[in-house]
Amino acid sequence: MEFQRYFQSFTDYFWEWENQIFSPDSVFETITIPNGQTIGYEKFVFEILEALSDSNFPPFGTLLLAITATNHDSKETIDRIQEWAKGIEITKSFPIEHSFRLGASIGFMRQLSALPDEYKTGERRLKMFQTIFDGCHNRISTEKAKKILDEYKDKRHHLVRAGVKEPFNDANFIKDFRTLALLKKRFPTVQSILYAMEDNPHEDLKDKLKEEILEEENLSDTATFVEQLINDDRTFHVGSLINRLWSGLHIPLHHNHPSEQPLGGISDLTNKGDFDKLVISEFAYDDDVFMSRIANNEALYIQREVPPEADKFERILIIDSSLKNWGNPKILSFASAIAIARHPKTDIKCRVFVAGQDFKEVPLENIHDVIQALSELSGKLDCSQGLESFFQQNKISSKNQEVFLFSSEDSLKLTAMKNVISTYYTEIKYVFEMEMEGIKVYKNQNKGRKMLQHIIMPLEELWKKEKGDLPSHKYSETDFDNIPLLFPVERSYQNIFYYGTDFYTYLNGNLFRFVSNEFNKGFKKVASNLPFDKGDFAIKTNGKGERFLLCYVSDSTPKISIYNIDKQELKSNLVSNEDFNDLKVNVFGHKSEFYLTDGTSYWRVDDGLKKMKSEFSNLINDAFVNYSIKQNSFVRDFMNSKFKYSVIKKLKGMSIVNNHFEINGFNFTHLEFSKRNYYHPSESRQETIRFEEKVKLILKNKGTSVIDLVQIIKQNTDKSLAESKAVVDEELGIILNNVTRQEADNLKKIIERGSAVCYIETLFFESQDGSRVTNKDGILIFESSKEEIPKFYIPFIANGRTIMASESEYSGNDYFITDSFLESIKEKDFLEKYLDPFIQNVRQHGTQT
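So for the sequence shown, our numbering puts the first residue at 6; every next one is plus one.
Right, here's the structure in full:
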């Protein structure tokens, strides 16, 4: 049944088995799109499955979509599949299962189609499929995959039953297309697919450096320029698109003179040339004969000498600055122009102009030039006047010049633009038509216009992702905002402070806010991973509503730090302690200002960390007295409150025993975690599925021999030389990620044989099917490998009743919820809807021990 279910065809679906032939090595001739193109021959498809069987199978429909996308001239086929898929009317019986983006699926197909041709044929195509489908969603395990292949080899005729179409199935449609959509998240660009492949020719050239010259930096000026654009908020949107365009834009990067064109064969051999061009067979002669042939000009060289010739070829890039090209089209235009002009491999001179009512040349040599060019705007509806002026004043030589025009699709539809483009048809070679999230590239040739390519630019995804990769130091993470529960926090009375009516506590790098001053609710996490180990804290807000956290550390040299919670920016400064005379210093916030006081004098600290002594004021003194009274009263009430929970923040073990969770030796039943401290006579016969711990290995101290450490990391991981060096250079660099504890332990021992120090941090516990359990500051997060099963959360407390919650429902202790949108349901209903499906899915794939 597994065999037939995997290869089953459906009525009104995008593929079908075609033409039964019953040859010795095939049952059907091809798999095709109904009334359309061939996807692949049966024999070829099973060769791909054979290559994938060592890891896992993707859903069969997903594989066929990927094959279709990498076939020759796949654009038309992808468009046809997109139109068909848009017309599918999905039932809404299970809306959660159906929440996927068809656009992402089609986008990933177009991404595969945009791969270089060498990656869409032969061994590299198989390697690409292995790379993208390794560990994909809705996968078929290796064991089942091999059984399916064995049945095909032994009982090939069973495939006939799969060729008998069953009625169209919503679930199968969603599974096939959703798997592809999720791959889009994993591989957001063409370049990310290439980088994931072992034999990727685009990998960083630093991989090929010798260890002896490891210290040398080989960053190109172009790469540095793009990084500068990304790092500046004014050019971020342009800069973050350039790498994407470099990976997808198919424009010639070099210009060869006619005398330099390689002709092939004997015509490229000559008796004169540089020694590095010697034909390799010359080195077969003995030394005397070899030197004689060199001296008498008898030796053969692979490339003939060419006469010196001035390279006057240049490209002229004209960007529309008129009203119709404002907004996203303008950003895409500048990104495209920079991608062409500043490509690291191009040797063609480029000049850039902006055209509106007139035209103007703009340099793009540095970030300031780009900022200035972006500010060049025209109030005209189109740039036809500017183009007319440009071509009248500049004679274009088709032999030595190429003109590129960048404008929006709306602008190009205007009559005035059509007329000027028609008039100067022979001068304009390429036209880039900007859409809101895409670029169409046309080439003028043979009295017509040919579309060379259509580049999809998912701007929201690119800008969000790239901005997350900026090399700025961020101390907070925001994923806790997605947890629909209040946090349990262990008791601490040291760092409690307030501003206005809100009280806060700082604990182990986390800032929490008391949701209820009556202590009958949990805590709202405000910020996480903050860089303060100790100190006295105060909080305030400014006129814009931004929240600031002050930390004062009273060591031998006092230090003041201010952290902007909303912008995630940190400023720190050492201060003189002469004013304090070794007295106890308190900090507090009052009327949007921070103050330090030793009990008699007051110093105001501005946002620039300047400490200024304030004139003694009864208002400030009264504010501090009131602050202290209110703070002490709150701490006293907190100490006397009855809501005290023992929070467990570390995961040490995770199992499913007889359909119940067992975590760190605690059984989870009836909304409570109870310790297993009694003997089970049938324990040896209990059905147990154990989750495997996944960890990351983090470098704490690089030691004295950096080069040796880099070599160790390169030799013992799949990282390149450049990546290994980056790990060592980074503060708390991650050496291994998402590996077993044993793997991390083994490498840790090797690394610490030298002077380096590293440590292991638990990420999550994972079952064989890919389901995960993570402990996020005392809240357990359960994520099933099956997309249809929603994520749910359980606070890990050992001395009281807890809660189970999803994004929309909960059951249990109201202490952990706010008066919000969550709907209360019965414990039995929550178990049946969330926990039981999670457990059953793990059991279906898990290993029993």
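Quick reminder that beta carbons are idealized off the backbone N, C-alpha and C, glycines included.
*Alpha carbon of T229 to alpha carbon of R777, nearest angstrom*: 39 angstroms
*For the alpha helix (DSSP H) that D834 lies in, which residues bound it at each end?*
832-835
*Report yes or no: do the region 58-70 and the region 137-144 share at least 3 C-beta pairs separated by less than 8 angstroms?*
yes
*Along the alpha helix (DSSP H) that carries A532, what are the first and last residues, could you check?*
Counting along the chain, A532 falls outside any alpha helix (DSSP H), though it belongs to the beta strand (DSSP E) covering 528-532.
*Let me know the secondary structure DSSP gives N515 once reduced to three states.*
strand
*Whose CA, out of N569, I323, A346, lies closest to the CA of L258?*
A346
*Would you please state the rounded distance, in angstroms, between the beta carbons of N664 and I844? I believe it to be under 8 angstroms.*
6 angstroms
*asked:* With the cut-off set at 8 angstroms, would you say L185 and L70 are in Cβ contact?
replied: yes
*asked:* Distance check for N626 and I740, CA to CA, integer angstroms please.
replied: 52 angstroms
*Test item: CB-CB of V610 and L555 under 8 angstroms*: yes
*Where do the N-terminal and C-terminal ends of the beta strand (DSSP E) with D541 fall, by residue?*
541-546
*Check S416 in the structure and name its three-state DSSP category.*
helix
*List the DSSP bridge partners of L601.*
V592, W608
*Taking DSSP as the reference, what is the three-state secondary structure of G903?*
The question about residue 903 has no answer, for the chain in this structure spans 6 to 854.
*Assign F678 to one of two classes, buried (16 or more other C-beta atoms within 10 Å of its C-beta) or exposed (fewer than that).*
buried
_Does the region 73-81 come into contact with the region 151-164, if we say contact requires no fewer than three beta-carbon pairs (one atom in each stretch) closer than 8 angstroms?_
no
*Contact check, N743 vs K699 under 8 angstroms by CB: the rounded distance?*
5 angstroms
*For N846, which of helix, strand or coil comes out of DSSP?*
helix
_Residues of its chain near R496, where Cβ-Cβ distance is below 7 angstroms and the 5 sequence neighbours each way are ignored_ = K649
*With DSSP as the reference, label N751 as helix, strand or coil.*
helix
*Buried versus exposed call for F395 [16 or more other C-beta atoms within 10 Å across all chains shown]*: buried
*Evaluate Y557 with the Cβ neighbour count: other Cβ atoms within 10 Å of its Cβ, from every protein chain shown; 16 or more gives buried, anything less gives exposed.*
buried
_Among F502, K329, I460, the one whose alpha carbon lies nearest that of R249_ = I460
*Note down the Cα distance separating L328 from K452, rounded to an integer number of angstroms.*
29 angstroms
_Quick check on the burial criterion: 16 or more other C-beta atoms within 10 angstroms. Buried or exposed for A378?_
buried
_Cβ contact (3+ pairs, closer than 8 angstroms) linking the region 766-777 and the region 114-130_ = no
_Just to confirm the assignment, what range does the beta strand (DSSP E) spanning M659 have?_
659-662
_Pick from K170, Y200, I802 that is closest to L785, judged by C-alpha positions_ = I802
*Evaluate D387 with the Cβ neighbour count: other Cβ atoms within 10 Å of its Cβ, from every protein chain shown; 16 or more gives buried, anything less gives exposed.*
buried
_T37 beta carbon less than 8 angstroms from that of F173_ = no
_Unbroken stretches of the alpha helix (DSSP H), 4 residues or longer, contained in the region 275-325_ = 292-300
*Output the distance between the C-alpha atoms of F178 and G66, rounded to the nearest integer angstrom.*
8 angstroms
*May I ask which residues mark the beginning and end of the beta strand (DSSP E) holding I44?*
43-46
*Compare the Cα-Cα distances from Q42 to each of W20, P493, N24, L676 and report the closest residue.*
W20
*Can you list, in chain order, the residues of its chain whose CB lies under 7 angstroms from that of S680, leaving out five sequence neighbours each side?*
Looking at the sequence provided, one finds Lys at residue 680 rather than Ser. Same-chain partners within the cutoff: G670, F671.
*May I have the straight-line CA-CA distance separating S412 from D834, to the nearest angstrom?*
57 angstroms
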